[in-house]
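**Q** Please read through the structure below; I'll follow up with questions.
Protein chains in written order, with our numbering: chain A, 479 to 726; chain B, 6 to 606.
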């Protein structure tokens, strides 16, 4: 998780777009994915995501995420097949209708998660927050909460890791092969993690206030995020994509 | 104290963290009066729980605006009572750098981190660029401007946090233990930075445990205890009070101790102590030289013998423990290499053997591979090349949780280790994990807790940082391991706690346990370790008896390690005055020999 949402520097058109436009691209792909009814369209949308990733040199991020998502998707596929039944039986409990709807559900899962990660890996969090405040008029405190939460994910990940290592070195069997046993051993550690998280959050609030958090307005940001012609063009394409999704 | 225009003034300030209505709560600050003039460099030192961080919070306005409690007296910042103005207004005068720098960061990129304060305080946009690059240059990290903060080292992060505050051009900078996690070289760089900042007219107030740094950089040192300021003055004035400091549990620089011990022996008249190695050298030279002129010629023949005799008789030159001889090593590291996937960091070709009953120090810069070495030893990392044997177990094939029965680790941050609701459960937990039955585990835990004087029924998380470290140490001691690994055992502890930890560790070694400690504090290493391993860039550059390695100047330079002050003093004296000083690593050794030379003449 630590390396999944990380900014990949670059100079491609995708990097240079307004963060809000990038957000719109991700949203358009997601909406289109939900609306699309055919395999062709779902696969095409995934292909589009990967094409954008290849163009912005972030494919490796998507592949890392895929490794996490594919097992989940397979479990979902098996369950969905058990719940949706109809048509001819193909294999064991799987029916044609079940496979059809389960397959689409899996593709949708991938189609929703991947564009978001793509967007986050070509945008700096601060740019995203500032652009949302400037262009979309989102109140800064919400934008700040959002970016801070995302920023804390790897910090807490590292902390959890340090705790696990320390416990393992004491003799707690985190190196067990049994995932359920491992989970049972991990649960008691949530308390120390929570205690330290609350302390950290409080310190962050203090640090932010001591640097004038409450004085910040929409005009504060040093960097400006104007919408250019290319942003407008991309936005038009996004609308077209959603329409395409609804139709197909 | 008698500054005409103090930038910060505390007027009989008392504070307790108690909620309203609670009576007789302990006071974190107790009738503190203080005034700091513009452009001063003030250091604050004191044992844990003395109220140092509370003082910093009062100075920066976090008290009364962020922390709740009862405040008496008044704090004036730039002439204004901090109760009457908002925290935002105060922070335009006083910039504060928190203890936990990860929590202080608000952005993920260095540039944005600096921009945050500038934008918020409405600095005109045409001045922002100059302020930003100015702050980065002052701190010396202009090249890090576009870096992700998560990829920086501890020292670099500390500098970013200072730059982010500096960019706002505060008139006072308050820092809470800025070097706690840093190696000696990075710590010195941080203090050099603070010195540059002070030259720009900014007042610096820094809380710090490293006395050698404080004595070198500060104009004034405040010593706190139980919420009061008990000593205040120039470093020389403060460190002249050797006895009071010892009673408070505050360390003094080793060179001041040399001076103070010479005074106690009646060799010197009482006065302000020396603080640097060269001062101490000329001091000792002045004492001994007149006596040496006649008798020195008798020396050379007997020198070697006398030297050996001295070392054998002196309790202070670290004597290898006798049972280390002839025994089988309990830890063997043979041709080990390891690289972290996806990053350049790696260790190569590590070889070492540690015998039962030995204390081995591992020294080197941040990033030299010391922590990687400890993780290879306790099995958290498996070697890619070569093998690690701990008590005969090959770490590649035995699960980490089983190695734990033989090799216990005390981590730098005790909070990672603690997970139970009471101290007793916590200490017994390690034994239970090894299959000792619950009653027996509690009986043994009870004995250790009693020895350490810890509160058995309390939650470990409600204890102070130092006590939490002691709980973690107790749970290491109780399992009676063959090997103990210590990762920065003294960081975040005050001097007295540090000595308790190290004495316990020495006792374990006397009982036959092998101790391997990674430590940035060279004084601690030279006092307690009989052998050291010197690391740099993922390799072991040298290993051998502590005094010998520290005396190897080219090696120390290559590893960016500064030898302890006493070693440097004895080297200088051996070179310029009398070869008898060679190899002395303790203050008392220097003082005894000086006394002997003076009386002999």
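Just so it is clear, CB atoms sit at the ideal spot from N, CA and C, and this is done for glycine as well.
Using the Cβ count rule (16 or more neighbours within 10 Å means buried), how would you classify residue 111 (chain B)?
**A** Per the 10 Å Cβ criterion, buried.
**Q** Roughly how many whole angstroms lie between the Cα atoms of residue 138 (chain B) and residue 599 (chain B)?
**A** Taking the straight line from one Cα to the other gives about 53 Å.
**Q** Which residue's Cα is closest to the Cα of residue 542 (chain A): A:529, A:596, A:649?
**A** Per the Cα distances, A:596.
**Q** Would you report the Cα separation of residue 49 (chain B) and residue 162 (chain B), rounded to the nearest angstrom?
**A** When rounded, the distance between both Cα atoms is 22 Å.
**Q** Mind checking if residue 667 (chain A) is an interface residue toward chain E, Cβ cutoff 7 Å exclusive?
**A** Of the protein chains in this structure, namely A and B, none is chain E.
**Q** Please tell me whether residue 169 (chain B) and residue 204 (chain B) are closer than 7 Å, where the distance is taken between their beta carbons.
**A** No.
**Q** Give a yes or no on whether the minimum CB-CB distance between residue 507 (chain A) and chain B is below 7 Å.
**A** Chain B, which has no Cβ nearer than 7 Å to the Cβ of residue 507 (chain A), makes this no.
**Q** Run through chain B and tell me which residues come within less than 8 Å of residue 601 (chain A), C-beta to C-beta.
**A** Under the 8 Å cutoff, chain B gives no residues; its nearest Cβ is about 11 Å from residue 601 (chain A).
**Q** At a CB-CB cut-off below 7 Å, which residues of chain A make contact with residue 472 (chain B)?
**A** Result: empty, since nearest Cβ-Cβ is about 16 Å, beyond 7 Å.
**Q** Should residue 515 (chain A) go down as buried or exposed, given a rule of 16 or more other Cβ atoms within 10 Å for buried?
**A** By the neighbour-count rule (16 or more Cβ atoms within 10 Å), residue 515 (chain A) is not buried but exposed.
**Q** With a threshold of 7 Å between beta-carbons, can residue 194 (chain B) be considered close to chain A, or not?
**A** Residue 194 (chain B) does not count as touching chain A.
**Q** In whole angstroms, what separates the C-alpha of residue 234 (chain B) from that of residue 80 (chain B)?
**A** Using only the alpha carbons, I get a separation of about 15 Å.
**Q** DSSP three-state label for residue 125 (chain B), please.
**A** Helix, per DSSP.
**Q** Quick check: what's the CA-CA separation for residue 186 (chain B) versus residue 200 (chain B)?
**A** Near 20 Å, if we compare the C-alpha coordinates of residue 200 (chain B) and residue 186 (chain B).
**Q** Under 9 Å between beta-carbons, which chain A residues line up against residue 173 (chain B)? List them in chain order, please.
**A** Neighbours of residue 173 (chain B) on chain A, chain order: 689, 690.
**Q** Counting contacts by CB-CB distance shorter than 7 Å, is residue 698 (chain A) in contact with chain B?
**A** Judged by the 7 Å Cβ criterion, residue 698 (chain A) is in contact with chain B.
**Q** Among all the DSSP beta bridges, which residues are the ones paired with residue 673 (chain A)?
**A** DSSP, once it has assigned bridges, lists no residue as partnering residue 673 (chain A).
**Q** From the DSSP output, read off the bridge partner residues of residue 85 (chain B).
**A** DSSP lists B:82 as partners of residue 85 (chain B).
**Q** For the beta strand (DSSP E) containing residue 208 (chain B), name the first residue and the last one.
**A** Note, residue 208 (chain B): beta strand (DSSP E), 208 to 212.
**Q** Taking the DSSP output, what are the residues bridged to residue 344 (chain B)?
**A** In the DSSP output, where bridge partners are listed per residue, residue 344 (chain B) has B:351.
**Q** Distance check for residue 669 (chain A) and residue 616 (chain A), CA to CA, integer angstroms please.
**A** Approximately 34 Å, taken between the alpha carbons.
**Q** Between which two residues does the beta strand (DSSP E) containing residue 46 (chain B) stretch?
**A** Looking at the DSSP string, the run of the beta strand (DSSP E) that includes residue 46 (chain B) is 46 to 50.
**Q** Can you name the residues that DSSP bridges to residue 178 (chain B)?
**A** According to DSSP, which records beta bridges pairwise, residue 178 (chain B) is partnered with B:100, B:209.
**Q** Any idea if residue 515 (chain B) is buried or exposed, counting beta-carbon neighbours within 10 angstroms, 16 or more meaning buried?
**A** Exposed.
**Q** Going by alpha carbons, who is nearest to residue 125 (chain B) out of A:546, A:601, A:608?
**A** If we check each option's Cα against that of residue 125 (chain B), A:608 comes out closest.
**Q** Can you give me the C-alpha to C-alpha distance between residue 300 (chain B) and residue 290 (chain B), rounded to a whole angstrom?
**A** Only weak support exists for where residue 300 (chain B) lies, its pLDDT of 47 falling under 50; the coordinates are left without a value.
**Q** In this structure, does DSSP put residue 219 (chain B) in helix, strand or coil?
**A** Helix, per DSSP.
**Q** Would the beta-carbon of residue 149 (chain B) fall within 7 Å of that of residue 133 (chain B)?
**A** Against a cut-off of 7 Å, the Cβ pair of residue 133 (chain B) and residue 149 (chain B) comes out as no contact.
**Q** For residue 241 (chain B) versus residue 592 (chain B), is the C-beta distance shorter than 7 Å?
**A** Cβ distance not < 7 Å, so residue 241 (chain B) and residue 592 (chain B) don't count as in contact.
**Q** Report buried or exposed for residue 85 (chain B), applying the criterion of at least 16 other Cβ atoms within 10 angstroms of its Cβ.
**A** Exposed.
**Q** Could you please give the first and the last residue of the uninterrupted beta strand (DSSP E) stretch that includes residue 40 (chain B)?
**A** From DSSP, the beta strand (DSSP E) with residue 40 (chain B) extends over 34 to 42.
**Q** What is the DSSP secondary structure of residue 497 (chain A), counted as helix, strand or coil?
**A** Three-state result, residue 497 (chain A): helix.
**Q** Run the CB neighbour count on residue 521 (chain A), radius 10 Å, all protein chains shown included, and call it buried at 16 or more, exposed below.
**A** Exposed.
**Q** Can you grab the Cα-Cα spacing for the pair residue 491 (chain A) / residue 709 (chain A), in whole Å?
**A** Rounded to whole angstroms, residue 491 (chain A) to residue 709 (chain A) spans 10 Å at the Cα level.
**Q** Quick one: measure Cβ to Cβ for residue 244 (chain B) and residue 280 (chain B), integer angstroms, because I've assumed they're closer than 8 Å.
**A** Residue 244 (chain B) to residue 280 (chain B), Cβ: 7 Å. Contact.
**Q** So for residue 20 (chain B), helix, strand or coil by DSSP?
**A** Residue 20 (chain B): strand per DSSP, three-state reduction.
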